[in-house]
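So the structure is just underneath, and the comments pick up after that.
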Amino acid sequence: MTSFGTGTGLVWGHSALELVLDVSPGGPVVVQALSGRGARYPHGAGQPLVELLVAGEGRARASHRFSDTSLGRRLTHIGHERGRFGPWHELRVDQRDERTGLTAETTFRSADGVAACQVTTRVTNGGTDPVLLLGVTSFAAGFGGHQVDDLDLLAADSEWLGEGRWTRRPLRDRVPDLALRAHGQHGRGRVAVVSGGAWSTGTHLPTGGLVHRSAGHAWLWQVEHNGPWRWEVGERLDGAYVALLGPTDVDHQWRRLLEPGESFTTVPVSVAVSHDGLDGAAAELTRHRRALVRPHRDRSSLPVVFNDYMNTLMGDPTTVRLLPLVDAAAAVGAEVFCIDAGWYDDGASWWDSVGEWQPSQTRFPRGIEEVLTRIRDRGMVPGLWLEPEVVGVRSPMADKLPEEAFLRRGGVRVVEHDRYHLDLRHPAAVAHLDEVVDRLVEQLGVGYFKLDYNIDPGVGTDVDADSAGDGLLGHNRAHQAWLDRLLDRHPDLVLENCASGAMRMDYALLSRMQLQSTSDQQDPWRYPPIAVAAPMSVLPEQSASWAYPQPDMSAEQAAFTLVTGMLGRLYLSGHLDHMDTGQLDAVRDAVEVHREIRAELAESVPVWPLGLPGWDDSWLSLGLRTGDVTYLAVWRRAATATPITLDLSHLRDRQVDIEVLYPRRLPAWTCAWSADTGSLTVTPTDPEPAAARLFRITATDLLP
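Numbering of the sequence shown is given in this note's numbering, commencing with residue 43 and proceeding in unit increments.
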C-alpha cells in the first residue's frame, strides 16, 4: 500500500465510483459525496462516517439512534492508505479519539467498473482501560445533502411464505416535519429496520434504499450478515442520513468488552449508487454482488435442479416413490436431482430426529445408494437435503456431543421446535459436521446439498462471550468459516442456501453458497411476487424460485408456475412421473428455453416494468436485461383480457423484435410497441385467471 497525507478533502474511487471524504483536522471524517459513473451530487450532510456507542460515553443528544454519538463526534482523522488488489480498489481511513485511545479504521472496497463499495470498520482499544462497546456502525453518511421532502424510502418486510414484500413511499411519511431549523437541533427520531436472531431475513430485509424523486440520485444498501443487524434512516438539520450496522446492545443484547490492545471488526455492508433511479442502483448492486461471490464452476454451468419436496413427496421419500421421479426429471432435462427431507429417518416423524444423518433402511431397503446410482445413471448430479446446524431432541447426537457443542444460555441448552442448536465455535460441533459432509460426499457421491435452517435460536449464547449477542456473532462468523473450509475441501460441491425458504437470504452466506431458495410458498398463485422481488436481494443466477407443475393443472396453469422459475435458477418439482406426454413436453420446453438463456441471465441486471410488486397485484412483471436483449416475464392473476402497458424506458427510441419464448404451444398474446415512450402493451387472448408469458425483446436500430 502507498500512504497519502492528510488534508481537508480526500477523493477516492475509479471510473465508475467517486467517494469524497471530508478529513478536516479537529473533526470526524464525513462522507461529502458518493457518486457513480461521472455524476456529481451535492455535498452530503455532516453525519460522521463512524458512530461509536460505548458504556460511559453514550450519545451527544438523547435519542435511540446511531447518529451523534459522543465518540463519533470526537473522532479525528489520523491518516489513510490506498491499495489495489486484483479487481478491488481499497481505501482505509483511520480515526482516533484522544480521550479513550480508541481508533476506528474504516475500509472501503470497490470492484473496478462497479458503482458500489463494501465497507467495514475495525475498532481498536489503544488506551489503558477496558471499553465496553454497545454498537458500532459499519458505515454512516448523509444522503447527498438532500432534504427529506424530496426522498422516497425503499424497505421490505419478509416472512415465511411471504418473502420480499417491498414498499416505496415518501420518507416524509415516516419522518414527520418537526421544524428542526426553528429549534436549531438535529432530530431524535429515526426509521430503524432491525432483524434479530439468526434468521437474518425472517422479518425484514437487510437491503434498503433512498431515491431522490426528481434528480434520480439513488442509494441501495445491504447488510451482509447471517445474524442480527440494523439499518436506519433519519433527519438531521442538514438533510437525511443513513446508518448501517450489525448487532447492538439496544436491539440484540450485544456487548463486547475491549481490553487494551484488543480489536473488533463490524459486519460488512455495501452501498450502491446511481443517478438513474432505482433500476440504476439495482443494476450496480447486482454487479457488486457478482464481484463478491466466491468463484465456483456453478457460476458458469447453472444446472437445472429438480427437488422432490414441494407439492410432491413433501418430506416422505422412498425408493419406490423416487425412482419414477428420477426418470421423469431426467427426461425433461434436469441436471441435479435433490432428495429432500426425511431420507435419514426410519419413521414418519423425522423432525426431531435430525442430526446423525445416516440413510434410512426402511425407506431404502436396498440402501439409498440404489437411488443415488439411478440419479447418476440418468446423467444428473445427486443431491441431499441437510440441516447441519441443528440436532433433534430424539437424535443420538444429542447425547454423543458434549454440552459445550450446543448453544446455551444460563447453563441450559437452547431448544426451539424440538431441536438443539450447535455452537460452531466449538471444535466438537465442527468435527461432527465435517464428518457428515465428507462421508456423504466421499462415500455416497453427493454433489449438491440443500442446506436448510428451520429454527431461530434467539439472542444467542452467553457461553465464552461478553453477552448473548456476542456469542451469537461468534457462532455466525464460525458458520461462515465452516462453509469456506467445506468448499476448500470440496470445490465442486454445490450448496443451496435455504432457511424455511428465504429466512436467511443475506450476502454473508450468498457470497459463499451458489444458489438461494426464494420461498417455501406452495401456492403457485402467490409465488410470482416473491420471484419478481427476488433480484432486489439476490443475483438472478442464484435466485431459485420453485416451478412445480402438476398433472391436474391446465396448460395455462402449468405455464404460469414454470415461468415463475425461468428468470433465475429453474428449480423444478411436481409429479412429473404422473404426467402425460403433452404435459411432459411442456415442461421439457421450459427447461430447454431456460438452458438456452441462462448464460445471459447470469450477466443481466433487473428492471421492474410495473414497479416493485405488490402482494395482491393482478399483473406482475420482471425484466432482466443484458446488452440489447431484455428477457421479460409477465404474469396475470385476474380473469381479464384487458391490456397492460409495461414501462421499458431503457429501450426508448429503439426498434425492437419481440419473441414469445415460453409457452410457444399456447395462444400468443398481442404485443404493441411504442418506441417514443419505451412502452410495451400486451393483450392476453384467453381470460383464464392464471396465465404468464416469457418474452425475448431484442433492440435493433435506433429510430431516425
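All C-beta atoms in this analysis are idealised placements derived from N, C-alpha and C, irrespective of residue type, glycine included.
Quick caveat: nothing in here was measured; it's all calculated off a predicted structure.
At a Cβ-Cβ threshold of 9 Å, Leu-95 and Val-178 count as neighbours. Under the three-state reduction of DSSP output, Trp-657 falls in the coil class, being neither helix nor strand. Gln-563 places its beta carbon less than 9 Å from that of Glu-205.
Comparing C-alpha distances from Arg-339 to each of Gln-584, Val-536, Thr-415 and Gln-522 shows the shortest one belongs to Val-536.
Contact check between the stretch 104-117 and the stretch 125-134: fewer than three CB pairs, one atom from each, fall below 8 Å, which does not count as touching. For Ala-324, the enclosing alpha helix (DSSP H) begins and ends at 319-334. If you ignore the 5 residues before and after Val-478, its C-beta comes within less than 6 Å of the C-beta of Trp-399, all in its own chain and listed in chain order. Counting other Cβ atoms within 10 Å of its Cβ, Pro-570 reaches 16 or more and is therefore classed as buried. Under the DSSP assignment, Val-478 falls in the alpha helix (DSSP H) whose first and last residues are 469-484. Nearest C-alpha to Met-439 among Glu-458, Arg-405 and His-474: His-474. In the structure shown, Gly-114 adopts helical secondary structure according to DSSP, grouped into three states.
Under DSSP, Lys-492 shares a beta bridge with Trp-427 and Glu-538. Burial is judged here by how many other beta carbons sit within 10 angstroms of a residue's own beta carbon; Trp-567 has fewer than 16 and is exposed.
Taking 8 Å as the upper bound for CB-CB distance, Asp-695 and Ala-717 are in contact here, some 6 Å apart. Only residues of its own chain outside the window of five on either side were considered, and among them Val-671, Tyr-673, Glu-701 and Leu-703 have a CB closer than 7 Å to the CB of Arg-738, listed in chain order. In the DSSP annotation of this structure, the continuous segment of the alpha helix (DSSP H) that includes Pro-571 starts and ends at 570-575. For Ala-600, the closest alpha carbon among the candidates Arg-331, Val-633 and Asp-154 is that of Val-633. In the same chain as Ala-447, and ignoring 5 residues on each side of it, the C-beta atoms closer than 8 Å to its own belong to Leu-464, Asp-465, His-468, Ala-470, Ala-471 and His-474, in chain order. Look at the beta carbons and you see the stretch 344-357 touching the stretch 377-390: at least three pairs across the two are nearer than 8 Å. One thing to note: Ser-200 has its Cβ within 9 Å of the Cβ of Thr-243. Judged by DSSP secondary structure, Glu-274 falls within the beta strand (DSSP E) whose first and last residues are 271-278. Between Val-233 and Asp-293 a beta carbon distance of about 14 Å is seen, past the 8 Å cut, so the two are scored as non-contacting. Asn-268 sits in coil when the DSSP states are folded into three classes, being neither helix nor strand. Taking the C-beta atoms as reference points, Ala-372 is found nearer than 9 Å to Arg-420. According to the DSSP assignment, Gly-281 belongs to the beta strand (DSSP E) that extends over 281-287. Taking a contact as a CB-CB distance under 8 Å, the pair Leu-525 and Arg-554 counts as one, their CB atoms being some 5 Å apart. In the DSSP annotation of this structure, the continuous segment of the beta strand (DSSP E) that includes Ala-675 starts and ends at 671-679. If only uninterrupted alpha helix (DSSP H) runs of at least 4 residues are considered, none is enclosed by the stretch 674-735.
In the structure shown, the three-state DSSP call for Ala-372 is helix. In the DSSP annotation of this structure, the continuous segment of the beta strand (DSSP E) that includes Leu-133 starts and ends at 130-138.
Going by beta carbons, Pro-577 and Thr-328 fall inside the 9 Å limit. By alpha-carbon distance to Thr-209, the top candidate from Thr-145, Leu-195, Arg-216 and Thr-360 is Leu-195. In the structure shown, Ser-343 falls within a helical segment according to DSSP collapsed to helix, strand and coil. In the DSSP annotation of this structure, the continuous segment of the beta strand (DSSP E) that includes Asp-194 starts and ends at 193-199. 9 Å or more divides the Cβ of Val-135 from the Cβ of Arg-151.
Annotation for Asn-353: no alpha helix (DSSP H) segment contains it, and DSSP assigns it neither H nor E.
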